[in-house]
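One line per chain: the protein sequences are S and Y, in this order. Taking our numbering, the leading residue of the first sequence gets 1, the next gets one more, and so forth. Taking our numbering, the leading residue of the second sequence gets 1, the next gets one more, and so forth. The C-beta atom is built at its ideal place from N, Cα and C for all residues, glycine as well. Notes to accompany the following structure.
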Amino acid sequence: ETGVTQTPRHLVMGMTNKKSLKCEQHLGHNAMYWYKQSAKKPLELMFVYSLEERVENNSVPSRFSPECPNSSHLFLHLHTLQPEDSALYLCASSQGATGIQNTEAFFGQGTRLTVV
Amino acid sequence: DQQVKQNSPSLSVQEGRISILNCDYTNSMFDYFLWYKKYPAEGPTFLISISSIKDKNEDGRFTVFLNKSAKHLSLHIVPSQPGDSAVYFCAASYTDKLIFGTGTRLQVFP
Chain S
1 ETGVTQTPRH LVMGMTNKKS LKCEQHLGHN AMYWYKQSAK KPLELMFVYS LEERVENNSV
61 PSRFSPECPN SSHLFLHLHT LQPEDSALYL CASSQGATGI QNTEAFFGQG TRLTVV
Chain Y
1 DQQVKQNSPS LSVQEGRISI LNCDYTNSMF DYFLWYKKYP AEGPTFLISI SSIKDKNEDG
61 RFTVFLNKSA KHLSLHIVPS QPGDSAVYFC AASYTDKLIF GTGTRLQVFP
């Protein structure tokens, strides 16, 4: 248990569906991240929120929409996804924005997403 | 362009021997390096890190070495144990970015 909880653990959705992934951290961290892990690819940074403000968006398609209502919660809203978006989506949090304060990130267990 | 590379997708080591996992990076702006360990159905967990101002950091059985001139770091696990079997990710950071490699699957057999 790392203090970062993701729900759901598994999600199957059709290309026309709208769904949301939820992440919650109980560590008092002020930076949160969404990563995507596809087979045989590096963990890809999708979004970074620091102090509830988005500071990084690595050219992610608009069908992925993040939301950070407060420092403990992070959502990833999904709509009209493609089969190639099937992957493991990992949420992480850190004390400060990783790199600036040289802190490690704590990861949730991930949501295994399958788009059919 | 992949900034952090782990060229060995897998490694098999006998229990008790040393495991050496390697990582190369291309961006000289990276100032902090981390190793994460990942078991199936779990998120990565932090293992050990090193600042760019150091060349070695040790924590129990785990030692990370950094060679800045070669843009190379390695993780040594000694002695290796069956419970060390997992996927190991190298990561590098600067500003607010944490960039991961593709991972190396380590299998420690009896």
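Buried or exposed: residue i, going by 16 or more other Cβ atoms within 10 Å of its Cβ?
i: residue 61 of chain S; result: exposed
i: residue 115 of chain Y; result: The displayed coordinates of chain Y run from 1 to 110. Any statement about residue 115 of chain Y would go beyond what the structure contains.
i: residue 104 of chain S; result: buried
i: residue 49 of chain Y; result: buried
i: residue 32 of chain S; result: buried
i: residue 12 of chain S; result: exposed
i: residue 60 of chain Y; result: exposed
For residue i, I'd like the list of residues in its chain whose CB is within less than 7 Å of its CB, leaving aside the five on either flank, ordered along the chain.
i: residue 15 of chain Y; result: 80, 81, 82, 108, 109 and 110
List the endpoints of the continuous beta strand (DSSP E) containing residue i.
i: residue 72 of chain Y; result: 72-77
i: residue 13 of chain S; result: 10-13
i: residue 30 of chain Y; result: First-last for residue 30 of chain Y: undefined, no H or E at that position.
i: residue 73 of chain S; result: 73-79
i: residue 110 of chain Y; result: No beta strand (DSSP E) holds residue 110 of chain Y; DSSP gives it neither H nor E.
i: residue 19 of chain S; result: 18-25
i: residue 99 of chain Y; result: 97-100
i: residue 59 of chain Y; result: 56-59
i: residue 67 of chain Y; result: 62-67
Can you find the residues in the same chain that come closer than 6 Å, C-beta to C-beta, to residue i, ignoring five residues on each side of it along the sequence?
i: residue 83 of chain S; result: 115
i: residue 63 of chain Y; result: 76
i: residue 26 of chain S; result: 3
i: residue 53 of chain Y; result: none
i: residue 45 of chain Y; result: 37
Keeping to the same chain, check which residues put their C-beta closer than 8 Å to that of residue i; ignore five residues upstream and five downstream.
i: residue 69 of chain S; result: 52 and 75
Is the region 12-20 of chain S touching the region 66-77 of chain Y, taking contact as three or more C-beta pairs under 8 Å? No, they do not touch.
Given a limit of 7 Å on CB to CB distance, which residues of the region 79-98 of chain Y reach chain S? Answer set for the region 79-98 of chain Y: 89, 93, 94, 95, 96, 97 and 98.
Counting pairs of Cβ atoms below 8 Å between the region 27-47 of chain S and the region 28-35 of chain Y, do you hit three or more? By the Cβ test, the region 27-47 of chain S is not in contact with the region 28-35 of chain Y, since fewer than three Cβ pairs between them sit closer than 8 Å.
If we count Cβ pairs, one from each stretch, closer than 8 Å, do we get three or more for the region 10-25 of chain Y versus the region 106-113 of chain S? No, because fewer than three Cβ pairs between the region 10-25 of chain Y and the region 106-113 of chain S fall closer than 8 Å, the two stretches do not touch.
Going along the chain, which residues of the region 26-58 of chain Y sit with their C-beta nearer than 8 Å to a C-beta in chain S? So the list reads 31, 32, 34, 36, 41, 42, 43, 44, 45, 46, 49 and 51, given in the order they occur along the chain.
For the region 38-66 of chain S, enumerate the residues whose C-beta is nearer than 7 Å to any C-beta of chain Y, in chain order. Answer in chain order: 40, 41, 42, 43, 45, 48, 50, 55 and 56.
Pull out every residue of the region 77-94 of chain S whose Cβ sits closer than 7 Å to any Cβ of chain Y, in chain order. Within the region 77-94 of chain S, the residues whose Cβ lies closer than 7 Å to some Cβ of chain Y are 90, listed in chain order.
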